[in-house]
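Residue numbers (my numbering): 112 to 442.
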């Protein structure tokens, strides 16, 4: 009996260890800084984690399929400036579209839809290049990293877009005391979990990442599904752009630099293996929260931002080492 209990305990820690780490971080920081657990600060942590968290949803599928996306931040910026240019108030619209109507109220769905379309299109291009030409994901998405940022700068002339309508900025505001970015993140995470865990497409993503040759032999349409995986990653970039622009009530073509690296870090910390075939949505969420709690806690403790970057880098390296050791026998 004791032997079985010991085995179950070890198995539990292997599966849910990151949740234990998150709880220990919260306890340790709140013991030193009691104001950490105030409702305002907790919502602040959740809101700050939401952008990375939404990007991490798409990157989770991509990394499970044994890929990578280095262009997510640039695609977010491109999606955001296109959407923001259509979401300006009537007086500001003339800069881009003279005599265009104001897309406020229900019509705010148009700039939101455009952000999703631009993001999905960028992901589709990435997936097509990777699936059809055999270009390594690292190279294809690195190219998109540069192309999308360049297009964002060309589109705006390097200038920020502001004066956004209230209907559009609603997605960066609050519903009562609950921040809308957190609501959007939660809904997107729930839908992604259903797709990954309960559909044939989700199972095929794991199969492709686990052994792409075996997946092809078993009849899985590998090329089509890889395109869908990267398209979904782009869709999440577009969704994150809506939240990002809504929070800041403006959009700059130079925004979101390095966001893809933080999102990749969140998925890695959450247990998604870069060897492919292993990963969970809840793990990506916890990974994003660990980074959010770390940054917020270190700020409350008065740690210099430069040292915060060092701490984050150490955590990422440790997470990868743990991943390699844990999954070495599985791959």
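Glycine included, every Cβ here is placed at the ideal spot set by N, Cα and C.
query, result
"Check the C-beta distance from residue 251 over to residue 262 and give it rounded, since I have them as a contact under 8 Å.", "Between residue 262 and residue 251 the Cβ distance is about 16 Å, and since that is not below 8 Å, they are no contact."
"If you follow the alpha helix (DSSP H) that residue 388 is part of, which residue opens it and which one closes it?", "Run containing residue 388: none; DSSP gives neither H nor E here."
"Does the distance from the CB of residue 161 to the CB of residue 275 come in under 8 Å?", "no"
"Which residues in the same chain have their Cβ closer than 8 Å to the Cβ of residue 242, if we skip the five residues on either side of it in sequence?", "333, 334, 335, 337, 338"
"Can you name the residues that DSSP bridges to residue 362?", "272"
"Out of curiosity, what's the CA-to-CA distance linking residue 295 and residue 348?", "13 Å"
"What span of residues does the alpha helix (DSSP H) with residue 255 cover, start to end?", "248 to 267"
"Since residue 300 and residue 168 are thought to touch, with beta carbons under 8 Å apart, how far apart are those beta carbons, to the nearest angstrom?", "6 Å"
"Should residue 234 go down as buried or exposed, given a rule of 16 or more other Cβ atoms within 10 Å for buried?", "buried"
"Can you check which of these residues, 351, 430, 388, is closest to residue 371 by C-alpha distance?", "351"
"What whole-angstrom Cβ distance do residue 398 and residue 129 have, given they're in contact under 8 Å?", "7 Å"
"Taking the alpha carbon of residue 156 as the reference point, which residue from 407, 278, 306, 283 has its own alpha carbon closest?", "407"
"Do residue 258 and residue 196 have their C-beta atoms within less than 8 Å of each other?", "no"
"Do you know offhand how far residue 346's Cα is from residue 158's?", "20 Å"
"Looking only at C-alpha atoms, which of 413, 340, 189 sits nearest to residue 225?", "189"
"Taking Cβ positions, are residue 255 and residue 186 nearer each other than 8 Å?", "yes"
"Is it buried or exposed, residue 244, if we count other Cβ atoms within 10 angstroms and call 16 or more buried?", "exposed"
"Given residue 173, which residues of its chain have a CB within under 8 Å of its CB, disregarding the five upstream and five downstream residues?", "179, 180, 248, 340, 341, 344"
"In chain order, what residues of the same chain have a beta carbon less than 7 Å from the beta carbon of residue 307, not counting five sequence neighbours either side?", "172, 313, 316, 392"
"DSSP three-state call for residue 314: helix, strand or coil?", "helix"
"Find out if the Cβ-Cβ distance for the pair residue 183, residue 166 is shorter than 8 Å.", "yes"
"In the DSSP assignment, the alpha helix (DSSP H) including residue 303 goes from what residue to what residue?", "291 to 309"
"Where does the unbroken alpha helix (DSSP H) through residue 208 begin, and where does it stop?", "Note, residue 208: premise wrong, no alpha helix (DSSP H); not H, not E."
"Where do the ends of the alpha helix (DSSP H) carrying residue 147 lie?", "Looking at the DSSP string, residue 147 is not in any alpha helix (DSSP H), and its letter there is neither H nor E."
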